[in-house]
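Take any residue in the sequence shown, note its place counting from 1, add 39, and you have its number in our numbering.
This report refers to the structure that appears directly beneath it.
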Amino acid sequence: MPKFSIVIPVYNVEKYIKRTLDSVFNQTYKDFEVIVVNDGCTDKSIDYAKEYKVKIVGDKHVGVSEARNIGETEATGEYLLFLDSDDYWDNELLEKINMSLKNKPDLVRFQVRTVTDKNEITNYQEDTFEGLNGIDAFQKIVNFHFIESIWCYAIKREYYDHEKFKFKKGKIHEDFGLTPLIVIKASKVNSISYIGYNYYRRTGSIMNNPDYEWTKRKVKDFYEHYKYLQKEIEKVKGNTKIFKSYIANSMLKKICELNKEDYKEYKKRLKKDKVEKDLLTDTLPRKIKKIVVSISPKIYYK
40 MPKFSIVIPV
50 YNVEKYIKRT
60 LDSVFNQTYK
70 DFEVIVVNDG
80 CTDKSIDYAK
90 EYKVKIVGDK
100 HVGVSEARNI
110 GETEATGEYL
120 LFLDSDDYWD
130 NELLEKINMS
140 LKNKPDLVRF
150 QVRTVTDKNE
160 ITNYQEDTFE
170 GLNGIDAFQK
180 IVNFHFIESI
190 WCYAIKREYY
200 DHEKFKFKKG
210 KIHEDFGLTP
220 LIVIKASKVN
230 SISYIGYNYY
240 RRTGSIMNNP
250 DYEWTKRKVK
260 DFYEHYKYLQ
270 KEIEKVKGNT
280 KIFKSYIANS
290 MLKKICELNK
300 EDYKEYKKRL
310 KKDKVEKDLL
320 TDTLPRKIKK
330 IVVSISPKIY
340 YK
């Protein structure tokens with residue numbers, strides 16, 4: 040059994056896939072397998088992937104959520120990592136993660152830098168910790184950048200499978216609908232300081248689509264994820280106030296992307312759902328925030 044299984048969904052990224060796969064196969068730690076999920080590519084991405092020692096599965100376009108699910112079912116490693124096919128790793132990432140596995144955590148958080156088309160680079164150095172339970176870990180990670188991005192975590196596969204985690208098929212913002220639960224349900228979480236993930240923000244990527252119909256779909260799917268998380272967190276024992284505040288805050292902020300009429304419709308829906316009641320009020324600024332948000336989320340978030 041390899042130490043790591045790396046799942047890479049691939050859809051028409053012929054310009055980037057070699058850089059992504061090179062970053063994996065140039066790792067200083069070599070005990071891993073790579074599962075490339077062909078999400079219905081119509082370019083040369085899969086031809087390029089075949090030049091590497093990878094397992095290629097799938098051939099239909101099912102979207103990133105289901106592609107990740109397909110890849111995970113093929114995994115045999117002790118720990119599971121997801122890598123987006125236009126992003127790339129620093130070459131010591133797996134070695135640094137492996138050094139953090141002595142206490143056998145369910146989850147290891149590693150750190151991220153963003154790289155733009157113009158080669159603008161931003162490093163995000165976050166807090167480190169070791170052996171925290173999921174609730175305590177979430178209370179720290181909630182202050183990180185990229186809280187719900189699945190690609191900045193290594194997950195024990197036994198834990199992942201035991202909890203029957205799955206990405207919601209056909210949904211956008213799939214990370215928001217799953218990763219917070221993966222964090223808070225974990226028995227033991229580590230956070231390491233190594234900035235090893237390069238998140239490439241390219242023009243034309245799925246999350247940078249300027250079309251307004253796409254924006255409406257993103258908000259719709261986000262709302263479905265929110266309702267799911269709201270239901271699932273009730274099954275978790277312990278103090279989940281910060282989790283509830285986080286998902287409520289995220290939902291209220293998300294509707295601010297909508298135009299006037301759609302925004303008003305969602306504002307009424309969230310008011311009926313009493314979403315703002317879960318916002319924290321343990322400090323004066325948070326009390327003021329809750330008052331302002333209950334009147335108008337756009338006033339606060341914009």
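Don't be surprised by glycine CBs; every beta carbon is placed ideally from N, CA and C.
Treat the numbers as computed from the prediction; the structure is a model and nothing was measured.
Val-93 is positioned such that its CB atom lies no closer than 8 Å to that of Val-76. The stretch 164-182 makes no contact with the stretch 249-260; the number of CB pairs closer than 8 Å stays below 3. DSSP places Ser-124 outside both helix and strand once states are collapsed to three, so it counts as coil. With contacts defined as CB atoms closer than 8 Å, Asn-137 and Lys-210 fail to qualify as a contacting pair.
With a cut-off of 8 Å on Cβ pairs, the stretch 288-308 is not in contact with the stretch 224-231, counting fewer than three such pairs. In the three-state DSSP reduction, Arg-241 falls in the coil class, being neither helix nor strand. Fully contained in the stretch 208-268 are the following alpha helix (DSSP H) runs of length 4 or more, in chain order: 218-223. For Leu-319, the three-state secondary structure derived from DSSP is coil. Annotation: the stretch 73-136 contains the following complete segments of the beta strand (DSSP E) (minimum length 3 residues), in chain order: 94-96, 118-121. At a Cβ-Cβ threshold of 8 Å, Gly-216 and His-264 count as neighbours.
By the 16-neighbour rule on beta-carbons within 10 angstroms, Gly-102 is buried. Ranked by how close their Cα comes to the Cα of Leu-220, the residues Arg-107, Val-181, Glu-105 have Val-181 in first place.
A straight line joining the alpha-carbon of Leu-268 with that of Thr-155 spans about 31 Å.
For Pro-48, no alpha helix (DSSP H) segment is defined; the enclosing uninterrupted segment is the beta strand (DSSP E) at 43-49. Boundaries of the beta strand (DSSP E) harbouring Val-154: 146-155, taken from the DSSP string. CA-to-CA, the gap between Tyr-236 and Leu-132 works out to about 8 Å.
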